[in-house]
Amino acid sequence: MSASRRTLSVVACTLLLGGCRDAKITSYRVPHEADPAPVAAPAPAAAATGSAMAATPVATTAGMALTWTAPANWQSKPATTMRKATYTIAGDGAEADLSITAFPGDVGGELANVNRWRGQVGLGDLTAAQLAGATQHFDANGLHLTVVDYPGQGAAAAQRLLGAIVPVGSETWFFKLLGPAALVGREREAFMEFLKSIRKS
Amino acid sequence: MKKHLSLLVLLGALATIVYSLLPTKNPGQFDVNGFGRLPVLLNGRLKPLDTVARTTLLQIQNTQSVRTPDGRSLQPIEWLLDVFFVPELSDSYQVFLIDDPDLLALLNLRRSDGRGNRRFALAQFDKYLGDLSKQANAADNVESAVRTRVQRATVQLRDNVVLYRRIQHSLAAPDLKDYLSDLLNFSAIRTAGAQAEMAKRAGQPSDAAAIEKITTIGMAFQDMSEWANLAAVPPPEGAPDPNAWRTVGAQLMDALGGQALGATPLAFAGLGQTWRNSQPKEFNELVTRIRGSLESRYADAFDRGAVETRFNSAQPFYLGMVLSALAGFLALGSWVGSTQQLQRTAFGVVGLTWLLTTAGILTRMWLEGRPPVTNLYSSALYVGWGAVALCLALEYFYKNAVGSVAAGVIGFVTLLIAHHLSLTGDTMEMMRAVLDSNFWLATHVVAVTTGYSATFLAGFLALIYILRGFFTSSLDKGTADSLNRMVYAIVCFATLFSLVGTVLGGIWADQSWGRFWGWDPKENGALIIVLWNAIILHARWGGMVKARGLMNLAVFGNIVTAWSWFGVNMLGVGLHSYGFTDAAFFWLTTFAASQLAIIALGSLPLTKWRSFRTAAG
Amino acid sequence: MKELVRQFRDFFVSLQLTVVLLAMGIVLVFAATLDQTNLGIWAVQEKYFRSFFVLWQVGEVPVPVFPGGYLVGGLLFFNLLASHFYRFKFTWKKSGIFMTHIGLLLLLVGELLSGLWQEDTLLTMREGETLNYSESQLKNELAIIDVTDPKTDLVVAVPENVLARGRTIEHPDLPFRIETRSYYQNAMLRRRDEAPNMPPSLATAGLGPQVVAIPVAPTYRQNERNSPAAFIEVIGREGPIGTFLVSTNLASEKPDTNGMVVQWQPQTFSYAGRQWKIMLRHARVYHPFSLTLLKVEHDVYAGTDIPKNFSSRVRVNNPDGRDDHEALIYMNNPLRYQGLTFFQSQMAKSVQLTGLQVVSNPSRQLPYISCILMGVGLLVQFGIHLFGFLGKRRKVAA
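Residue numbers (the working numbering), protein chains in the order written: chain A, -9 to 191; chain B, 1342 to 1958; chain C, 154 to 551.
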C-alpha cells in the first residue's frame, strides 16, 4: 500500500516538474544591424487661427493619465520613457525647456521637491514652515496643483523656474519650465493657462 | 360560445398587431413625422431624427412618453423639436430620471415634485448643476465597478444632462434670440464686426456694438461646434465620402472664418423659427425642401428611415411582451381548467407573437444589413425568439400546453431583459473592425445564441416539471414522461448548437488572430455550456440520473447559461470589485439563488411531491 | 490480481469517470476565468491549463489543490479512448456519437500540440521599414551581441528568467561572465537630474549612472507589459569590466502605439579586442525572410472613433530571390507564408506604425477537422433520434 503511494508521489513529482520548462541560453548569427538613427522631432502642429492655443489636446504615454492643451508656439519634442513630454519655447535666440515627468508615489513629499527645484536655480532650502508662503495652490479640472515661481540667484541669476506639482492617483506629476528669466517671464501667463488646461484623460 | 371566445381573443391580438403597424398621423398641423424621417449622422450611422428622439428619451428617462407641465402628452419627435428650438420650454419638461435618494437630496429635490415621483425637469435642478458636476467628476476617478450607488446615479445624471445639452446645440443656437435673422444677415454682421475691430486696433473710433454683436454670435457658434453631437449637414455634392456629414456648428465656424454659410444651417434655423412661431405651413414647406435636397442622394437612408420610424412607432417587441404574457396566462389557465379550447387559443397567440417578433427581428436585420445577433440587446431578442420557436415545435407534437406556458414566460422575460438593455441608447450600433464579419456573425454567433436559448428552454421545462410536480397534483405520468423526453431532446439540440457554435468561434479566432482557443472569458463561458450539456447527456446515458436528476441538472443549466451570457461581461477590474452594486449583478445572483432553491426542491424525496404522493397513494 | 486489473480497467472506461472529469473541467475553466482578473490571461493559461496540477502557494511551498488542464484533458482522452476499445460497440445507430468522439479526441490532441508548438510573436514596424524578426509579447531576453564583424552579428540571448534567477551567466561564445546585481520585474526609468532624492546608482558604465530605475508593481493587464530592469556586472578574466543598467525601456527603438519615441543609443563596450553591444529587449524570433511595410490604413466610422478597418500593405522579400511579392493584410484576412501566419493586430495611424501578430502552429488544421467530425457526428446522431421519434409518432397516429 505504502509502496504504491510512493510510486504515485514519484509520478506526481515527475508530472509537476514536466510542467516547468527551463529556458536556455542560445546563440545565433544574424546580418549586422545598424544602430537606429535618432528619431527626428515631428513637425510642430500648424498654429491654430485666431487662438493662442493649439486646438488639439495632447495625449500622454501609455497610462494616458493627463492631457493638456499647449500654446502653438511651444514646440513639442518626441517624448521619451524618461519624460512624459517635452516642449521647447524659443525666443530672443534662447530656449526655455518645459519638461513633464511622472513618478510613482509622492517622491519625498512636496517640501523635498520644492527644495530640489530651488537648488536648481541657486536658492536655499525652505523649512516646512516656510513652504506655504513660497507656493501657490489652485484646483483645476478636479486636480490640485502646487505652483512655484522662482527667479534664479547667484550663478543662475539669469534663469527663472516655473513649476507645478500635481498628484494624480498614486503618481506625482512634475511640470517644470526652466529658461532665461525674460523669456520665462513672457511665457508665464501662457504657462498658467496651460496648467489650467491639464485634465485627466 | 367558447369557440367564439377563443376566436375573439386571436382576432383581438391580430387587430392590435395590425393597428400598431398603421402609419402614424401628425398630431397637429405640423408635419412632425416628415421631420422625424430626416436623416442625421450619429455614432457612425445615418438614422432618422425619430430614432434620435426615442433612444435619447429611453436613455435619460427610461420611457418614451413625455408630458408637458400643462398636461399635454407629446410624441418623442415633438419633444425633440422643442429641445432643438424652444429650449426654455423643453427645460421645463420632466424627463430626467432621478431615483437615488442621496442624489435627490444633493439637488434639493423632493420626490413629490417629480412626475411619477422620479422624473424631473432640468429647470428644477439647474441651480445645482455645479454641485452635480463636482460630485460626478469626483466619481469619475473611481473605477466604474467600485462606485457606490449614489456615485453611479450622479455620473449617469451628469452624462444624461450632457447628452441633452449636446442635442440642444445640434441644429440651432439655443442662446441666440434672433438666430434666424443673425444667420440671414451674417455676412453683413461679420464684415461690420471685422471693420470695427480693425479700427479699434488702429486706435480709431470704432463701433463697439458691432464688435459685441459678432463676438456674441461667434461664441454661440463656438458653443455649437463644441457641443453638437448630431451631424446634420451632408457633405457637398460630389464629395468623395458621402458619409462625411458634419455638424451645423462646424459649418458655422467655417462661416465665421469667411466661408459660405450653406443652406442647411439656414434651413434648420427656419424650421426653428416657424416651429416657435406656430407657422405650420412654412414649417412643412421647409421640411419638404430639406427632404427634396437630400432624397435623391440619400435614397437608401430615406427608405430605411421610413421603415425605421414605422418600426419605432409600432414597438413590436413591446407588443410581443404583452402578447407573450397573455399566451402564458391562457396556457396556465388551460392546466387549471384543462380545456382544449384555452390550450389551442394559447398556441395561436404564441404563434402570432412569434410571427410578430420574427418580423421585428427581420426588420432590424434589414435596417442594419447584419445577421440577427450583433450585441447583447439583439442576443436577448434572439434567445427569446429561438426558445419560442422550439416551444412551438414542442407544442405542435405534444399538445399539452407545456410549450405554450414556456413560450409565454420565456418570451416575456427575454423581451423584458431586452427592454432594459435598450435603455443605454441606440441598439443598432456599428460593429468594430474585428467583429465586422457577417459570415462569422451569421454562423458562430447565431449558433452559440441558439445554444443559449435551447439550454434555457431545457432548464425552464425542468422548472415546470419540478414546480408542477411538487406543488400541484396535476403532473400525471403521461405529462411527466413527455416532459422528460422534451428536456432530453432540447438538451441534445442545445449540445449540438453550443458545441458547433463554440468550435466555429475557435475557427473564427484562428482566422482572425491566429489562435484557435485563447481561454478568454467569453470563450470559456461558451465552453462551460458545452461541458454542462455533455454532462447531462452522459449522466443520462450512464443511468446516473433518472427523470428527477435530469430535471435538476437542466435547471442548473440555467445558472450556467446566465453566467456565460451576462456574468462574463461583469468580470471587470477584479474580483475584489465584482460589481456588487451593479443592478445586473444583483439580478444574476438572485436568479442563480432562485434556481438553486428549485434544485433543492427537486431533490426532496418524491413522497413529498404532491403529484407523486397522490399517484402513489 | 486479475480482479484488480479488471477494476482498474472498469474505472477508466466508466461513464462515471467521464462525468466527473467533465465536471472538473467546468470547475477548472470557471476558476481560471475568475482568476484572470488577478493574473491576466497568460499566467492563467500556465497555471490552470498548461499544468498537471493547479498549485497554490502556501508560504514558500506550492501545494497542488486541483487537477490541471493536462491531467483532466489527458484523463478524458484516455477515458474516451479506453471506453471505445472496451465498452462501446460500433453500430450504425451510434455512428454519430462515434464521429463526435473521434472529433473530440482530435481536438484534445490539437490543443495539447498547439500548447506545446504554437509560437506567438509580434512584428511592429513603421512605414518603409524592413524587418526580418518578430518579438515575443511576453518574454524578454538579455542580448549580448558581438558587433565587431561589419557583416554579421553574433547574438547570445539570455532569457529573462535566467537573469532573474541571479546565477552566474556563462556561455562558450562569451569571453566574460555576467552576474546579476539587482533585478526588477517592472521598473520605470527617469533621468537622474530630474529624479528627486534617489540613492546612488549601482551602475558604473554605459547609461546607467545617468538614470534611476524605480521599481513599480508588476502589471497583469492584458494591454500592458512589464518593463524589467537589471543591474548586471560584466566580469572578464582579469576582473570587472563594468556594471550596466539594462532595461527594455532602454532598448525600444521605435515609437510604440502611443507614438512615444525612445532615443537611447545602445550600450557598448570593448573587451578582448572585440566590440560588444548589450541590451535587455523583447525576445526575438528571426525569420529566413523579411517584410517591408509599404502602407498602413486605419478607417473609422464617420463621426466616431469606432474602428472600421485596419490594413497593412507589405512586401515579402526572400533572400533566395524566388519570392518578392506584395500582400494586403487586414482584419479577418491574414498573410500565410512559410508556415507562419501574419494577422493584423495593432495599429497606430498617427505614426504609420503597424503591429502584426505572427503565429506558427503546425497543428492548426486539427481543430478544423475535429470541428467537422463533431458537428456532423452530432447532426447524424440527433437526426437519427429525431427521425426515430417522428416515425414512432406517425405510427401512433396511424
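Every residue gets a Cβ at the ideal spot worked out from N, C-alpha and C, and that includes glycine.
Checklist entry - Since B:A1354 contacts B:L1693 with CB under 8 Å, what's their CB separation in whole angstroms? => result 5 Å
Item to check | Assigned exposure category for B:Y1793 - 16 Cβ within 10 Å defines buried | outcome: buried
Item to check | Proximal residues, the segment 1474 to 1498 of chain B versus chain A, C-beta separation under 9 Å | outcome: K1475, N1478, A1479, D1481 and N1482
Checklist entry - Do we get a CB-CB distance below 7 Å when we pair C:F243 with the residues of chain B? => result no
Checklist entry - Is the Cβ of C:L257 closer than 7 Å to any Cβ of chain B? => result no
Next on the checklist: Less than 7 Å between CB atoms is the rule here; does B:L1942 satisfy it with respect to chain C?
Outcome noted: no
Next on the checklist: Using C-beta distances below 6 Å, list every residue in its chain close to C:Y454, excluding the 5 sequence neighbours before and after it, in chain order.
Outcome noted: When the five nearest sequence neighbours on each side are left out, the beta carbons in the same chain lying within less than 6 Å of the beta carbon of C:Y454 are those of K461, in order along the chain.
Item to check | 4-residue-minimum alpha helix (DSSP H) runs that sit fully inside the segment 1736 to 1807 of chain B, ordered along the chain | outcome: 1743 to 1762
Checklist entry - What residues from chain B crowd round C:H538, counting only those whose CB sits closer than 7 Å? => result Simply C1833.
Checklist entry - Apart from the five residues on each side of it in sequence, which residues of its chain come closer than 7 Å, Cβ to Cβ, to B:G1534? => result A1551, I1552, K1554 and I1555
Item to check | B:N1618 classed as buried or exposed, judged by whether at least 16 other C-beta atoms fall within 10 angstroms | outcome: exposed
Checklist entry - What residue range is occupied by the uninterrupted alpha helix (DSSP H) comprising C:F202? => result From DSSP, C:F202 is part of no alpha helix (DSSP H); its letter is neither H nor E.
Next on the checklist: Give me the chain C residues within the contact set of A:E23, using Cβ-Cβ distance strictly less than 8 Å, ordered along the chain.
Outcome noted: Result: D306.
Checklist entry - What residues in the segment 1844 to 1856 of chain B bring their beta carbon closer than 9 Å to a beta carbon of chain C? => result V1844, L1845, G1847, I1848, W1849, D1851, Q1852, S1853, W1854, G1855 and R1856
Checklist entry - Could you give the C-beta distance for C:L433 and C:P381, rounded to a whole number, given that I count them as a contact under 8 Å? => result 7 Å
Next on the checklist: By the 9 Å beta-carbon criterion, what residues does the segment 340 to 374 of chain C contribute toward chain B?
Outcome noted: none
Checklist entry - The beta strand (DSSP E) with C:M432 in it runs from where to where? => result Here the beta strand (DSSP E) through C:M432 covers R427 to V453.
Next on the checklist: Can you tell me which residues form a DSSP beta bridge with C:G508?
Outcome noted: According to the DSSP secondary-structure assignment, C:G508 is paired through a beta bridge with C:T277 and C:Q499.
Checklist entry - Does DSSP put A:K74 in a helix, in a strand, or in coil? => result coil
Item to check | 7 Å Cβ cutoff, C:Y337 in contact with chain A | outcome: no
Next on the checklist: Buried or exposed, going by whether 16 or more other CB atoms sit within 10 Å of the CB of B:L1349?
Outcome noted: exposed
Checklist entry - Using the beta-carbon of each residue, which ones in chain B are nearer than 8 Å to A:G132? => result N1478, A1479, D1481 and N1482
Checklist entry - Going along the segment 301 to 329 of chain C in order, which residues come within less than 9 Å of chain A, judged by CB to CB distance? => result D302, P303, K304, T305, D306, L307, V308, V309, A310, V311, P312, E313, N314, V315, I322, E323, H324, P325, D326 and L327
Checklist entry - If you run the structure through DSSP and keep just helix, strand and coil, what is B:S1675? => result helix
Checklist entry - Under the rule that 16 or more other beta-carbon atoms within 10 Å means buried, what is B:M1827, buried or exposed? => result buried
Checklist entry - Who are the near neighbours of A:W163 in its chain, counting only those whose CB is closer than 6 Å to its CB and skipping five residues on each side? => result A92 and V156
Item to check | Cβ of A:S41 within 7 Å of any chain B Cβ | outcome: Summary for A:S41: the model assigns pLDDT 29, below 50, so the residue's position carries little reliability, and this model does not support an answer.
Checklist entry - Using the C-alpha atoms, what's the distance from C:T445 back to C:R279? => result 9 Å
Item to check | For B:A1550, three-class secondary structure by DSSP | outcome: helix
Checklist entry - Relative to the alpha-carbon of B:H1785, which residue among B:L1733, B:A1850 and B:Y1829 has its alpha-carbon at the smallest distance? => result The shortest C-alpha separation from B:H1785 is found at B:A1850.
Next on the checklist: Based on DSSP bridge pairs, tell me the residues matched to C:M351.
Outcome noted: In DSSP, C:M351 forms no bridge with anything.
Next on the checklist: Pop quiz: C:E272 and C:N293 are said to be a contact at Cβ under 8 Å. What is the actual Cβ separation, rounded to whole angstroms?
Outcome noted: About 16 Å; that fails the 8 Å criterion.
Next on the checklist: For a quick check, are the C-beta atoms of C:L519 and C:G178 less than 7 Å apart?
Outcome noted: no
Checklist entry - Quick one, which residues of the segment 1562 to 1574 of chain B are near chain C if we go by CB-CB under 7 Å, in chain order? => result A1572
Item to check | Through-space distance from C:A480 to C:E288, alpha-carbon basis | outcome: Per the coordinates, the alpha-carbon of C:E288 lies some 21 Å from the alpha-carbon of C:A480.
Checklist entry - Which of the three DSSP states, helix, strand or coil, is assigned to B:A1580? => result coil
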